[in-house]
Each structure stands twice: as structure tokens, then as C-alpha cells.
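Visitor: The sequence shown begins at 175 in my numbering and counts up one residue at a time. For each residue, glycine too, the CB sits at the ideal point set by N, CA and C.
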Amino acid sequence: MIKEPIIILANGDYPSHPIPLSKIETAGSIICCDGAANQLIKNGYEPHIIIGDLDSIDLDIQKKYQEKLYH
175 MIKEPIIILA
185 NGDYPSHPIP
195 LSKIETAGSI
205 ICCDGAANQL
215 IKNGYEPHII
225 IGDLDSIDLD
235 IQKKYQEKLY
245 H
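#1: Between which two residues does the alpha helix (DSSP H) containing Ser196 stretch?
#2: For the alpha helix (DSSP H) that Ile215 lies in, which residues bound it at each end?
#3: Between which two residues does the alpha helix (DSSP H) containing Leu228 stretch?
#4: Measure the Cβ-Cβ separation of Cys206 and Ile180 and say whether it is below 8 Å.
#5: Between Asn217, Tyr244, Leu233, Gln240, which has its C-alpha nearest Ser190's C-alpha?
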């Protein structure tokens with residue numbers, strides 16, 4: 175179930191500034207676009223949904239979060 179506030183995280187440089195990091199920390203739901211899930215998980219968070227063509231997401235993450243993938 176999706177809860178607010180919703181954060182959409184795009185692939186690219188992972189946030190380092192305290193403001194976006196605090197938004198991720200307090201998010202009700204996090205939607206990752208493709209490879210953004212790689213960085214989110216490496217930083218200790220779980221995506222609620224992963225969307226995209228899956229060309230930049232790690233294979234082990236694809237397998238682990240298969241039920242959360244929307245391709």
C-alpha cells in the first residue's frame with residue numbers, strides 16, 4: 175500500500191544534502207526509477223515500487239524485489 179508522503183527517486187547521483195536525505199528518511203513510500211533502487215538499498219532503505227525498463231538495476235535486486243517491479 176502506498177502511503178504519503180511519496181518520494182520519487184531517479185537514477186543518478188544519490189542525494190548527499192541533509193534536506194533530501196531527511197525527506198527519504200521520513201517518506202511514507204519511495205518509488206525508484208530503475209537504478210535508483212541500487213543506491214537506495216545500498217544506503218539502507220527499501221523501495222516500495224521500482225519502475226522502468228530495468229536496464230540499470232542490479233540483477234540480484236531485480237530478483238529480491240521482483241514483486242515490486244513494474245516494467
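Guide: So, to answer that:
#1: As a position in the sequence shown, residue 196 is number 22, starting the count at 1. For Ser196, the uninterrupted alpha helix (DSSP H) segment begins and ends at 192-199.
#2: On the sequence shown, position 41 is the one that residue 215 refers to. Note, Ile215: alpha helix (DSSP H), 210-216.
#3: Position 54 of the sequence shown, counted from the first residue, corresponds to residue 228. Membership of Leu228 in any alpha helix (DSSP H) is not indicated, and neither H nor E is assigned to it by DSSP.
#4: Position 32 of the sequence shown, counted from the start, is the residue given in the question as residue 206. Position 6 of the sequence shown, counted from the start, is the residue given in the question as residue 180. In this structure, Ile180 does not lie closer than 8 Å to Cys206 by Cβ.
#5: As a first step, residue 190 is located in the sequence shown; it is residue number 16 there, counting from the start. Residue Asn217 is the option with its Cα nearest to Ser190.
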